[in-house]
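Novice: Structure incoming, see below.
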């Protein structure tokens with residue numbers, strides 16, 4: 001068996017497709033009721049998906065807050081500004097995690113949680129440029145020394 005991708009159920013395929021395209025996701029396949037993105041996830045029209053399952057739309061959960069799609073960027077501040085323009089509903093704006101990574105979480109049009117974080121490479125470089133030692137960076141980020149050395153070019 002081979003894992004392929006997560007599939008999230010959406011009420012309006014066009015609205016969701018447009019939303020994810022605004023987040024920079026490129027469409028790989030568009031089958032009408034199901035759209036697969038190059039990033040490795042798919043959206044599926046709720047009405048059609050309910051029929052496939054044989055349970056109908058009324059049994060679909062909304063805003064369950066128990067799953068998220070995770071994306072990384074090298075430009076978290078720019079992405080934040082773009083999201084502000086889209087007027088997304090933030091769960092929280094940019095905040096630093098205990099390991100130093102800056103992330104934000106918000107809802108897509110169907111209330112699926114989306115997390116956008118800076119890459120751990122970006123975190124390591126940011127700390128290195130601030131003058132932190134390799135050992136301190138490893139301790140703070142929980143990343144292995146080999147990763148930190150490779151990322152900093154040492």
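Residue numbers (the UniProt record's numbering): 1 to 154.
Glycine included, each C-beta is placed from N, C-alpha and C at the ideal position.
#1: Select from 6, 96, 1, 69 the residue whose C-alpha is nearest the C-alpha of residue 141.
#2: Would residue 44 be called buried (16 or more neighbouring beta carbons within 10 Å of its own) or exposed?
#3: Suppose the cutoff is 8 Å on Cβ atoms and the five residues either side in sequence are ignored; what does the same chain contact list for residue 124 look like?
#4: Got a sec? Which residues, its chain only, sit under 6 Å from residue 122 by beta carbon, not counting five neighbours each side?
#5: Check for me: the alpha helix (DSSP H) holding residue 80 runs from which residue to which?
#6: Ignoring anything shorter than 3 residues, give me the beta strand (DSSP E) runs that lie fully in the stretch 13-94, in order along the chain.
#7: Are residue 106 and residue 94 touching if we call contact CB-CB under 7 Å?
#8: If you measure between the beta carbons of residue 60 and residue 9, is that distance less than 7 Å?
Specialist: In short, the structure shows the following:
#1: The residue you call residue 141 lines up with position 141 of the chain shown. Cα-wise, what sits closest to residue 141 is 96.
#2: Translated into positions along the chain shown, residue 44 becomes position 44. With 16 or more Cβ atoms within 10 Å of its Cβ, residue 44 is classed as buried.
#3: Here residue 124 corresponds to residue number 124 of the chain shown, with the count starting at 1. Closer than 8 Å at Cβ, skipping near neighbours: 137, 141, 143, 147, 148, 151, 152.
#4: On the chain shown, residue 122 is found 122 positions in, with the first residue counted as 1. Contacts found: 74.
#5: One-based indexing of the chain shown puts residue 80 at position 80. Element bounds for residue 80: 76-86.
#6: 27-30, 34-37, 41-45, 68-73
#7: Residue mapping note: residue 106 aligns to position 106 of the chain shown, counting from 1. Residue mapping note: residue 94 aligns to position 94 of the chain shown, counting from 1. No, these two residues do not count as a Cβ contact at 7 Å.
#8: Residue mapping note: residue 60 aligns to position 60 of the chain shown, counting from 1. Residue mapping note: residue 9 aligns to position 9 of the chain shown, counting from 1. Yes.
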